[in-house]
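To start, the structure under review is shown below, and the notes come after it.
Numbering (my numbering), first residue to last: 0 to 89.
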């Protein structure tokens, strides 16, 4: 896995594990921003363009994705070692 892929996975894992982020919100983020990196680069107010994201959730996503962008390997490893393995079907 290269650095870009690691960062994308870390951001996606962080977002998926935030309370209040449903599959519908994840699908909306994907439709609005296209990549996990674009989500991480969005401001809290930009994130609110997605249905289901208000000011509080927008701030949570912006704050936590910032951490995943700075230290992606920590978030990928944390997810591998602490979460049961599963995959989401599209």
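Glycine included, every Cβ here is placed at the ideal spot set by N, Cα and C.
Minimum C-alpha distance to residue i - residue among the options
{"i": "residue 6", "options": "16, 21 and 39", "result": "39"}
{"i": "residue 30", "options": "49, 43, 1 and 0", "result": "49"}
{"i": "residue 62", "options": "33, 2, 72 and 13", "result": "13"}
Simplified DSSP assignment, three categories, for residue i
{"i": "residue 51", "result": "coil"}
{"i": "residue 29", "result": "helix"}
{"i": "residue 57", "result": "helix"}
{"i": "residue 34", "result": "coil"}
{"i": "residue 40", "result": "helix"}
{"i": "residue 18", "result": "coil"}
Residue i, buried or exposed, once every other Cβ within 10 Å from all chains shown has been counted against 16
{"i": "residue 86", "result": "Below a pLDDT of 50, predicted positions are generally treated as unreliable, and residue 86, at 39, falls in that range; the measurement from the model is reported next regardless. Looking at its Cβ environment, which holds fewer than 16 other Cβ atoms inside 10 Å, residue 86 is exposed."}
{"i": "residue 71", "result": "buried"}
Cut-off 8 Å between Cβ atoms - residues of its own chain near residue i, not counting five sequence neighbours on either side
{"i": "residue 20", "result": "14, 56 and 60"}
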